[in-house]
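Numbering (my numbering), first residue to last: 5 to 461.
Even for Gly, the Cβ is constructed at its ideal location relative to N, Cα and C.
What follows is a set of notes on a single structure, which appears directly below.
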């Protein structure tokens, strides 16, 4: 034990603030075959995710795949992928008749950018530390686009001067959730290797259409009704970045740390529990306790804290969704407790609350949320959202030039989102917890995180 106390504000090695990225070429790429133009239905889950998810995938140098060959193979693979994922080369629009978002599968293309950096991969610093400079690896300048054009996907390859390269992908969140994005990456890797598709995606989003008429038999306290406050523009983004000063930390939990949290949960009720304690449930309960009790300026013990976390509904629906359903098939589960309960309850009670939130997500409950979104404009609402990239497996995708050394999103400047990632070195069954909080709250969170793990500062 003791790994948690090794977490610091700054990474062990200095971070580069300027990656000296030079844009070499910007272009649009189009489907390699003609596809029929059509409008694609967007589900009530998709329609509120009106923002881009920007990820960076770091690769080491490969003798048989110099950067120019990687760019060529990747570009060709993307052109083929735009045929299979016919919506990805399209554009979001608002349907005049229904007044709801849809995707115009118009084959207008995706962005493709070739860049270079003066640094090699091992000079960038710790890849799993939230480095704002990574934003330089995602192309932001849309000057190569037509006026008011906004592609659903832009890919950038940035070769390093002395080997290694990052590939960044900016994809609109309405197009994929984490699991379907992993399938896209697997298919791109197969196409780049001149192989058949790894999986056949299911693009039928009507599978998650609301019932007619909508039925909402459950209360949904995890949803915030916004009435007319929620914009209907395809470019609206209600996840605005925080304007507060935030401090970032990476808390690295080893497999032993996770086992200790599970043991604490069992021991807190004398071992008498039939609840299955997973690593995710224990970690989420631990984060919830620390986050709620670290809130600055609010010492009300009766304050209610709500934690949110995503649940994949593919297998929970009746009938189940196809395994490789493309689109967003996750809904937000929740757990609530007062700050006094979070501090005084046995840890197992908190784990059970997390488990109950996931168990609640039955077919009927999931359909109720989807129908709620047909009647109301709104968004999941809680004190903190745990977003887990831990088991998505982006780093396991085998490209012709090898597996990525690390994959991560750009830094979220949001204090209400906590990210879970696999460690940069594989790290066995460990996990990295990325937290952003105002300085005073971070100091409290840091102390509580270690205290509840039994680690002295």
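Fully enclosed beta strand (DSSP E) runs of no fewer than 3 residues occupy 25 to 33 and 42 to 45 of the region 14 to 48, in order along the chain. By the Cβ-count criterion, residue 181 is buried, with 16 or more other Cβ atoms from all chains shown falling within 10 Å of its own Cβ.
Distance from residue 312 to residue 265 at the Cβ level is roughly 20 Å; contact not present, criterion being Cβ atoms closer than 8 Å. Here residue 346 has 292, 293, 296, 297, 309 and 354 as same chain residues with Cβ atoms under 8 Å from its own Cβ, once five neighbours each way along the sequence are excluded.
Annotation: residue 444 is outside any beta strand (DSSP E); the continuous alpha helix (DSSP H) that includes it extends over 443 to 457. Put simply, the backbone Cα of residue 112 is about 13 Å away from that of residue 43.
Runs of beta strand (DSSP E) with 3 or more residues, each lying fully within the region 384 to 416, are found at 388 to 392 and 410 to 413, listed in chain order. Under the DSSP assignment, residue 422 falls in the beta strand (DSSP E) whose first and last residues are 421 to 425. In the three-state reduction of the DSSP assignment, residue 58 falls in the strand class, which pools E and B.
Under the DSSP assignment, residue 193 falls in the alpha helix (DSSP H) whose first and last residues are 182 to 196. In terms of Cβ geometry, residue 20 and residue 137 form a close pair [threshold 8 Å].
By the neighbour-count definition (other C-beta atoms within 10 Å, threshold 16), residue 98 is an exposed residue. Spanning the alpha carbons of residue 153 and residue 441 requires a straight line of approximately 35 Å. For the pair residue 62 and residue 409, the CB atoms are nearer than the 8 Å cut-off. Counting other Cβ atoms within 10 Å of its Cβ, residue 363 stays below 16 and is therefore classed as exposed. A residue is called buried once 16 or more other Cβ atoms fall within 10 Å of its Cβ, and residue 26, having fewer, is exposed. Note that the C-beta distance between residue 334 and residue 285 is not below 8 Å. DSSP places residue 213 in no beta strand (DSSP E); its state is neither H nor E.
Comparing alpha-carbon positions, the option among 382, 269 and 280 lying closest to residue 456 turns out to be 269. Residue 37 and residue 82 have their C-alpha atoms some 12 Å from each other. Contact between residue 184 and residue 329 holds, since their C-beta atoms are separated by about 7 Å, short of 8 Å. Residue 299 sits in coil when the DSSP states are folded into three classes, being neither helix nor strand.
Rounded to the nearest whole angstrom, the C-alpha separation of residue 272 and residue 317 is 31 Å. When the Cα atoms are used, residue 277 and residue 289 turn out to be separated by approximately 16 Å. In this structure, the straight-line span from the alpha carbon of residue 340 to that of residue 223 is close to 14 Å. In the DSSP assignment, residue 227 forms a beta bridge with 384.
Residue 108 carries a strand assignment under DSSP once its states are collapsed to helix, strand and coil. Per the coordinates, the alpha-carbon of residue 338 lies some 5 Å from the alpha-carbon of residue 361. Spatial neighbours of residue 35 in its own chain (CB-CB distance under 6 Å, excluding positions within 5 residues in sequence) are listed in chain order as 86, 87, 93 and 111. Residue 343 is not bridged by DSSP to any residue. When beta bridges are read from the DSSP output, residue 324 appears opposite no residue.
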